[in-house]
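Numbered per mature numbering (1 follows the signal peptide of the UniProt record, and there is no 0), the sequence shown spans residues -25 to -1, 1 to 316. C-beta: ideal position from N, C-alpha, C; glycine also. Below: the structure, in structure tokens.
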Amino acid sequence: MNKPSSLIVTRRALMQALGAGAALAAMPGLAGRAFAQEKLKVAAVYTVPFEQQWVSRIHQAALKAKDHGDIDYVATENVSNTDYERVMREYAEAGNKLILGEVFGVEEAARTVAADYPDTAFLMGSSFKPDDAVPNFAPFDNYIQDASYLTGIIAGAMTKSKNIGMVGGFPIPEVNRLMHAFMAGVKETAPEAKFQVAFIGSWFDPPKAKETAFAQIDAGADVMYAERFGVSDAAKEKGVLAIGNVIDTQKDYPDTVVASALWHFEPTLDKAIAEVKAGTFKAADYGMYSFMKEGGCSIAPLGTFEGKVAAEVMAKVAEKEKAIKDGSFTVAINDEEPKSS
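Below you can see the structure in the form of structure tokens.
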């Protein structure tokens, strides 16, 4: 994804913004303050590049809201964990009323910052739950297990070796639950399937993910679950199939990526923007807005694989999708670390 220069915020630019935002810093708190008649100032702090799968969905949703005229938006990418707190504070001091980010490695520090700026709303990717002691800090998560389950049904139908490779970043709940849902879907169409599960210990290390995928393919995997960038590259080079996660890469791997579970951050962000503007933002769990019935996830079009997946399999996918949306079927949420089998 291209990185708009206007969004890459330097320390100098932030310091200049402090003077302009001094008056805003003295504004009343969240409670009872409405922003309906003005653009909401939104900032984001990301530990990885804008194009990384997970962050790209947040970034794109914010850019869309900016294009619609709902918000003003600035963001900083590639912020180290040791620098994360400083950037959060600078954005809060600059008068931003909603700050987005992912605080998996800096949870305690991020909540401390939020407590120090009660007039600012913080909507952060987190494995932990809301805490009433920090009423302006709301966690979200990519609960896209519904879509992951559906892609698993397709993967189970496409594997010939009944050996599935899975490469993830870290074994944390937001990764674990997607892997478990995918595995449950595979079992729907390939109950005898086995799984090779590995974690690379990084959110963005395509070469390492690629090498890990190579090893699993050499060990017999003919379908790869690409939770990280780099896995689909390995699958392409080895001539096996892949299932995408969070974003749609089918056009980049037309002969490799069969299906993808997509995350749509728009429902989560839209809810937060509305709450901040209404002065009602609070320490709530925003994870639910990633569920399929809330419009937070979907299965990507098959693209070049349209017609190559058996009709009865796609009928099963459609049936399960309908049941998920109407509430008659619930995909289990399992946050435990998945193991090879």
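Got a sec, what are the start and stop residues for the alpha helix (DSSP H) residue i sits in?
i    : result
P242 : 241 to 253
Y59  : 56 to 68
W29  : 28 to 42
I274 : No alpha helix (DSSP H) holds I274; the beta strand (DSSP E) holding it covers 272 to 274.
G262 : Unbroken run through G262: none, as it is neither H nor E.
L153 : 148 to 164
K213 : 206 to 213
E83  : 82 to 91
Report, in whole angstroms, the separation of the C-beta atoms of residue i and residue j, which I expect to be a contact under 8 Å.
i    : j    : result
A113 : V198 : The pair is not a contact, with the Cβ atoms about 37 Å apart (cut-off 8 Å).
M267 : K300 : 6 Å
I222 : R32  : 7 Å
F189 : A209 : 5 Å
P146 : F174 : 5 Å
N53  : G80  : No, N53 and G80 are not in contact; Cβ-Cβ is about 14 Å, not under 8 Å.
G144 : E202 : 7 Å
G160 : Y200 : Wrong, their Cβ atoms sit about 10 Å apart, outside the cutoff.
K39  : E186 : Rounded, the Cβ-Cβ distance is 35 Å, inconsistent with contact.
K16  : G70  : 6 Å
Could you tell me whether any Cβ in chain B is nearer than 9 Å to the Cβ of residue i?
i   : result
A40 : Here there is only one protein chain, and chain B is not present.
If the criterion is Cβ atoms closer than 9 Å, does the pair residue i and residue j meet it?
i    : j    : result
M141 : P24  : no
G271 : T243 : yes
A132 : A285 : yes
K213 : Y228 : no
V30  : E77  : yes
I274 : L237 : yes
D260 : F115 : yes
E250 : A96  : yes
A108 : L75  : no
Would you report the Cα separation of residue i and residue j, rounded to the nearest angstrom?
i    : j    : result
L98  : K135 : 43 Å
E65  : V233 : 43 Å
S265 : E68  : 30 Å
R86  : K246 : 21 Å
T22  : E287 : 42 Å
A19  : I308 : 28 Å
D42  : A196 : 43 Å
M263 : T231 : 31 Å
L73  : D47  : 10 Å
S303 : D45  : 35 Å
A9   : P110 : Confidence at A9 is low in this model, with a pLDDT of 45, below 50, so the placement of that residue is unreliable and no value is reported for it.
A298 : E60  : 43 Å
P105 : K257 : 9 Å
A290 : L216 : 21 Å
E13  : G254 : 13 Å
K226 : S102 : 32 Å
E269 : V306 : 14 Å
P166 : E26  : 35 Å
H34  : T164 : 35 Å
M2   : H239 : Because the pLDDT at M2 is just 39, under 50, the model does not fix this residue reliably, and the value given afterwards should be weighed accordingly. About 32 Å.
A138 : I218 : The amino acid at residue 138 is misidentified as Ala; the sequence shows Asn. Using only the alpha carbons, I get a separation of about 14 Å.
V62  : A50  : 10 Å
A194 : P181 : 20 Å
S315 : S207 : 20 Å
S177 : L277 : 29 Å
K283 : K252 : 47 Å
V292 : D58  : 44 Å
V172 : S235 : 18 Å
F170 : K183 : 19 Å
Tell me where the beta strand (DSSP E) around residue i begins and ends.
i    : result
F189 : From DSSP, F189 is part of no beta strand (DSSP E) but of the alpha helix (DSSP H) over 181 to 193.
I218 : 216 to 221
V142 : 138 to 143
T51  : 46 to 51
P114 : 112 to 115
L75  : 73 to 77
Q120 : Not the beta strand (DSSP E): Q120 falls in the alpha helix (DSSP H), residues 120 to 133.
F174 : 169 to 174
S235 : 232 to 238
A18  : 15 to 20
M99  : 96 to 100
V292 : Looking at the DSSP string, V292 is not in any beta strand (DSSP E); the run it does join, the alpha helix (DSSP H), is 286 to 301.
M199 : 198 to 201
Is residue i a contact residue of the ligand FMN, with contact defined as CB to any heavy atom under 8 Å?
i    : result
M267 : Inclusion of the ligand FMN in the displayed structure is not the case, the ligand content being empty and no account of it being possible.
Checklist entry - How about the segment 119 to 130 and the segment 75 to 93: do they share at least three Cβ pairs that are nearer than 8 Å? => result no
Item to check | Touch test, the segment 108 to 125 against the segment 151 to 171, Cβ-Cβ under 8 Å, three pairs minimum | outcome: yes
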